[in-house]
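Chains H and G, in that order, give the protein sequences.
486 is the number that the numbering used here gives the last residue of the first sequence; the numbers go up by one with no jumps.
947 is the number that the numbering used here gives the last residue of the second sequence; the numbers go up by one with no jumps.
Here a beta-carbon is modelled for each residue, glycine too, at the ideal position from N, C-alpha and C.
In this text, all values refer to a predicted model and were calculated from it rather than measured experimentally.
Notes follow the structure.
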Amino acid sequence: MPYKLFDVSKPIPERKEHTYVKHCNDPEDCIPKCNSKTIPGSMTERGCAFAGAKGVITGAIKDVAHVVHSPIGCTMYGYGSKRYPTTTELPDGSEFPVKDFNIKYIIGTDLQESDVVFGGMKKLRQAVRETNKEFPFVNAIYLYATCTTGLIGDDMDAAAKEMEEEIGKPVIAFNAPGFAGSTQSKGHQIGNDTLFAKIVGTTEPPATTPYDINFIGEYNIDGDLWLLKEYFNEIGINILSTFTGDCCHNELGWMHRAKLSVVRCQRSSTYIAKMIEEKYGVPYIKTDFFSTEYCAENLRTVAKFFGLEDKAEEVIAKRMAKVGPELDFYREKLTGKKVFIFSGGPKSYHLSIPLHNELGLETTGVSSMFEHEDGFEKMKDRVKEGALVIDDPNTLELEELIEDYDIDLILGGVKEKYLVHKLGIPSLLIHSYENGPYMGFEGFLNLARDMYSAIYNPVWNILEFQETEDPDVADVTGEAAEEVEK
Amino acid sequence: MSCVNLIEKERNAIINPLKTCQPLGAMYAVTGIRRAVPLVHGSQGCSTFVRYSLSRHFREPSEIAVTSLHEDAAVFGGRRNLIEGLQNVAIRLNPSLIGVITTCSSEIIGDDIIGFIKTAKKELTEKIGEEKTEKIKIVPISTPSFVETHLKGYDNAVKALVDHVAEPSEPNGKVNIIPGMVNPGDIREIKHILGLMDIESIVLTDISDPFDSPLRPSATELKPYYPKGGTTVEEIVDSANSTGTISLTKYAGSGAVSLEKKYNVPAELGPIPIGVQNTDQFLRNLKKLTGQDVTDDILDERGLLIDSMADLSSRYLHNRTVAIYGDPEITAGIARFVGELGMVPQLVLTGASNKTFVEDIEKVAKETGVEIDTMVGGDLRQMEVYLKDNPVDILIGSSDGRLIAKEAEIPLVRVGFPVYDRVGYHRHPIVGYNGGIHLIDLITNTVLENYYEHQHWKLQQ
């Protein structure tokens, strides 16, 4: 039987379809059920559509004011929670006045009971006016529907249209109330659709080159983008637009002028690449920049499109010379260690093979909060016989799998991290990293180092009180033992 | 002239809030109960964002279940979600208590929470039998997100808990303590004081262990994981029989008032024992309720704080200006304490709209002889703009002000919730005399580092 029902989920047998155990001879369509509603009463890792739209897609844009039309909670939770730093550089050579403006400010309508009864449109319009007055330098204002405004039926698009005319700059409504769809993935899609419909094709770039790409689905978590951008620049490839890490509003408008769309986060942003291809004929490729192997391979693919293969080889060789020897050290330390990847989505298939090939780790299993079928097919393809592939695991299942499986490290989020520690297992933040960036050559080295420091944290050797002293305790890295063997 | 100078926010929109919505306060309160599960009746964001917020502040698990409302529930109501959700939590997690916490969506949809709980219990009885079902207390907690703030959610939760769970029997000689939304270190300090006075207590609710629990796999309750500690359901039942209730906060004392009305348990509301005089008041309240003496041990601890103040205040802190922001009770408490330190509480700012806060600050203004700029129902942007023309020497508040502090080049002493960019702040008290000692050390070291270090010879004793 390729599916597994955790003991803790016996009262909800529907969960069985969501946990697949890899068997190499299974037919291709054998994957966990996914992208469907969570069973009520679960401690799920999943978030809401608003989180997907604001938290993932648009929150990284540097020159936009974000107005959340909500009771205060959604506004508060949309603030300062994501690590996507921005510079002040704008593509036309000018400077945006505030660094990390996207992290620094959030605006909300703070809806009250009377607004719920009488509607919040007036407040929303007023908030847009006030935002424009407070931050006159922003180049656009984005408005977000939430559960409350979705339920009371405030017409966000009408307000956006009206205010755009009044203030003379783009005002765009994102209709992704929290209850929409089964996961935050719905918010990603709405974010893509809205940005495509309202912005793409509306502006022209200050200059173009024959080597222009859209870098889509790269949000600059912990500076990932800045690292990858160096590689592209050195190869001679120009990132004309990034969707949406460290990008500006106008930049999204000229995505139709690129020669190629390079899709990084395939779950959250393939939508817009497809739409741009369909409408403007810009082809897209799906890529992967986690690990040296994937990074090199994908740099080659993108470079080949532009006939810049030689340059790519130079960049790859230079970086490998820099990180290779250190990676060798970590491979030696990490070989044979077992990881479980609790990711939001694509990292569960990006990481399993490189962690094995380049660092010698074994993947006990992978899971995802919001992946769809195509992502789960890749996850399944890239793990070994017997590995678990789980959709939307809940806390109890996490506990059981830690108890039943041999796991040395869990890659997960803040919600899992501290529980995993309580169970005596090291963990590492993979959604927004610990000491990132984690992408690219140097990034993979950061990831290797963080995994090493998590697994070899001396604390795991002194976890419990011992009645008699253990002579090996002081030897936390195992190096002394190796010396003896020599 | 000593008075309060109220500064109005000149806009309606909130920019960088100093408050969040009610459900967080309720989830916090339910987490303080032994083997209890908060079940949020709303969208997944309502649980996930809160788990994230609590986990990053306490660096602890925050296990919260959700009924996962989607479009169909928005149209047809969340009946099945709640009924199924309750049963799943009950059967899979075998909790002592489930707090059913509403949200904006479930309140707007108008779900009949009480009715759904009845149905869920009936269905549950068929599945696991009456005895097991009856063992699980299910408490409806109404926390509409569009009314007031997270503190109101906490208040509503504590009130709902005592209203649904407390039962009168024999007097127990204990004191109920409603701590407010404070840190584990604060609750431990309160329990330490009560211990020194030989007073037994029931903390409503006690997050001190659940949000600061030991990593001891061999001694940890698993599948489901429940953190150590927390107030037991039996204690909440027994809270109707206590000698009195002290709510450390005037802003969330409904539970205390309710116990007084229903069961004649006398209630004392606030002030939070931050600083010397507020802690003195707390001890007097304790003595009044229990007749227990304020012991020498406690007076020695008081003396240690006084000793620090004598040593440090005039030398390093005198006349230094402070801006304080955060929850009303804590902000008012710290304002009074910095006044006791000879500092100037130049600006106080809270996100809640509350008349009591202004009264508290008026009192501080009278004591200090300072005109205190006061923002009620304010936000952090308001403070940022204010500081451009009215700089202060020190900021005291949560991590959410860190970027403002950095840009304004004003050192920030972190207190309250959330603190995510430094460690240990949940563990150390700011209440009681020991909390005062911790605070004066924090403040003085910040002053030394920022205002003395450049003339390092002045740091030689």
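Best match in H:469, H:459, H:443, H:18 for proximity to residue 231 (chain H) [C-alpha to C-alpha] = The option with the nearest alpha carbon to residue 231 (chain H) is H:443.
Beta-carbon proximity of residue 543 (chain G) to residue 905 (chain G), cut-off 8 Å = Against a cut-off of 8 Å, the Cβ pair of residue 905 (chain G) and residue 543 (chain G) comes out as a contact.
How is residue 481 (chain H) classed by DSSP in three states: helix, strand or coil?
-> Residue placement at residue 481 (chain H) cannot be trusted, given a pLDDT of 48 that sits under 50; the coordinates are not used to answer.
When you compare only the Cα positions, how much space is there between residue 964 (chain G) and residue 576 (chain G)?
-> Here chain G comprises residues numbered 487 to 947, so residue 964 (chain G) is not present and cannot be evaluated.
Residues in the stretch 97 to 111 of chain H having any Cβ partner in chain G nearer than 8 Å = Taking 8 Å as the cut-off between beta carbons, the residues of the stretch 97 to 111 of chain H near chain G are 100, 103, 104, 105, 106, 107, 108, 109, 110, 111, in sequence order.
Closer than 8 Å at the beta carbon, the chain G residues around residue 115 (chain H) = Residues of chain G passing the Cβ test: 632.
Just curious, the alpha helix (DSSP H) that residue 490 (chain H) is in, first and last residue?
-> It is not possible to answer for residue 490 (chain H), since the shown part of chain H is limited to 1 through 486.
For residue 339 (chain H), which option in H:329, H:452, H:445 has the closest C-alpha, if you only look at C-alpha atoms?
-> Its Cα nearest to that of residue 339 (chain H), the residue H:452 stands out among H:329, H:452, H:445.
Beta carbon proximity, residue 575 (chain G) to chain H, threshold 8 Å | Chain H, which has a Cβ nearer than 8 Å to the Cβ of residue 575 (chain G), makes this yes.
Do residue 592 (chain G) and residue 178 (chain H) have their C-beta atoms closer together than 8 Å?
-> No, the Cβ-Cβ distance between residue 592 (chain G) and residue 178 (chain H) is not below 8 Å.
Report the partner residues of residue 732 (chain G) according to the DSSP bridge assignment.
-> Beta-bridge pairing links residue 732 (chain G) to G:663, G:754.
Report yes if the C-beta of residue 915 (chain G) is less than 7 Å from at least one heavy atom of the ligand ADP; otherwise report no.
-> In terms of ligand content, the structure shown is empty, and the ligand ADP therefore cannot be addressed.
Quick one: what's residue 527 (chain G) bridged to in DSSP?
-> The beta-bridge partner set that DSSP reports for residue 527 (chain G) consists of G:588.
What does DSSP give as the partner residues of residue 880 (chain G) in its beta bridges?
-> By DSSP's assignment, residue 880 (chain G) forms a beta bridge with G:808.
At a CB-CB cut-off below 7 Å, which residues of chain H make contact with residue 590 (chain G)?
-> Going along chain H in sequence order, the residues near residue 590 (chain G) (Cβ under 7 Å) are 71, 147, 148.
Kindly say whether residue 40 (chain H), judged by its beta-carbon, lies nearer than 8 Å to any beta-carbon of chain G.
-> Yes, contact with chain G.
Would you check if the distance between the CB atom of residue 825 (chain G) and the CB atom of residue 883 (chain G) is smaller than 8 Å?
-> Cβ distance not < 8 Å, so residue 825 (chain G) and residue 883 (chain G) don't count as in contact.
Would you call the CB atoms of residue 862 (chain G) and residue 840 (chain G) closer than 8 Å?
-> Against a cut-off of 8 Å, the Cβ pair of residue 840 (chain G) and residue 862 (chain G) comes out as a contact.
Residue 147 (chain H), DSSP secondary structure in three states | Correct three-state label for residue 147 (chain H): helix.
Can you give me the start and stop residues for the beta strand (DSSP E) that residue 388 (chain H) sits inside?
-> Its beta strand (DSSP E) spans residues 388 to 391.
When the distance is taken between beta carbons, is residue 229 (chain H) closer than 8 Å to residue 706 (chain G)?
-> No. Outside cutoff.
With DSSP collapsed to three states, give me the class of residue 76 (chain H).
-> Three-state result, residue 76 (chain H): helix.
Check whether the Cβ atoms of residue 319 (chain H) and residue 441 (chain H) lie closer than 8 Å to each other.
-> Less than 8 Å divides the Cβ of residue 319 (chain H) from the Cβ of residue 441 (chain H).
Compare the C-beta of residue 503 (chain G) against all C-beta atoms of chain H and say whether one is closer than 8 Å.
-> Yes, its Cβ sits closer than 8 Å to a Cβ of chain H.
Identify the residues that DSSP records as bridge partners of residue 340 (chain H): which are they?
-> When beta bridges are read from the DSSP output, residue 340 (chain H) appears opposite H:365, H:410.
What does DSSP give as the partner residues of residue 212 (chain H) in its beta bridges?
-> Looking at the DSSP assignment, residue 212 (chain H) forms a beta bridge with H:238.
Listing by chain order, which chain G residues have their CB less than 8 Å from the CB of residue 464 (chain H)?
-> Those within 8 Å of residue 464 (chain H) in chain G are 702, 703, 704.
Proximity winner among G:937, G:498, G:663, relative to residue 724 (chain G) (alpha-carbon distances) = It is G:663 whose Cα lies nearest to the Cα of residue 724 (chain G).
Of all the residues that make up the stretch 180 to 191 of chain H, which are near chain G by a beta-carbon distance shorter than 9 Å?
-> Listed in sequence order: 180, 181, 182, 183, 184.
At least one CB of chain G closer than 8 Å to the CB of residue 487 (chain H): is that the case?
-> This structure cannot speak to residue 487 (chain H), because chain H is shown only from 1 to 486.
Pull up the distance between the alpha-carbon of residue 187 (chain H) and that of residue 6 (chain H), whole angstroms please.
-> Answer to the nearest angstrom: the Cα atoms are 30 Å apart.
Beta-carbon of residue 46 (chain H) versus every beta-carbon of chain G: anything under 8 Å?
-> Chain G places a beta carbon closer than 8 Å to that of residue 46 (chain H), counting this residue as a contact.
Name the residues in the stretch 414 to 429 of chain H whose C-beta lies less than 8 Å from a C-beta of chain G; which are they?
-> Listed by position, the residues of the stretch 414 to 429 of chain H near chain G (Cβ gap below 8 Å) are 414, 415, 417, 418, 419, 421, 422, 423, 424.
Do you know how far the Cα of residue 356 (chain H) is from the Cα of residue 483 (chain H)?
-> For residue 483 (chain H), the pLDDT reaches just 49, beneath the cut-off of 50, and the residue's location in the model is therefore unreliable, although a value from the coordinates is still provided. For residue 483 (chain H) and residue 356 (chain H), the distance between alpha carbons rounds to 26 Å.
Taking just the CA atoms, how far does residue 461 (chain H) sit from residue 704 (chain G)?
-> Answer to the nearest angstrom: the Cα atoms are 14 Å apart.
Can you name the start and end residues of the alpha helix (DSSP H) that residue 164 (chain H) belongs to?
-> Where residue 164 (chain H) is concerned, the enclosing alpha helix (DSSP H) stretches over 156 to 167.
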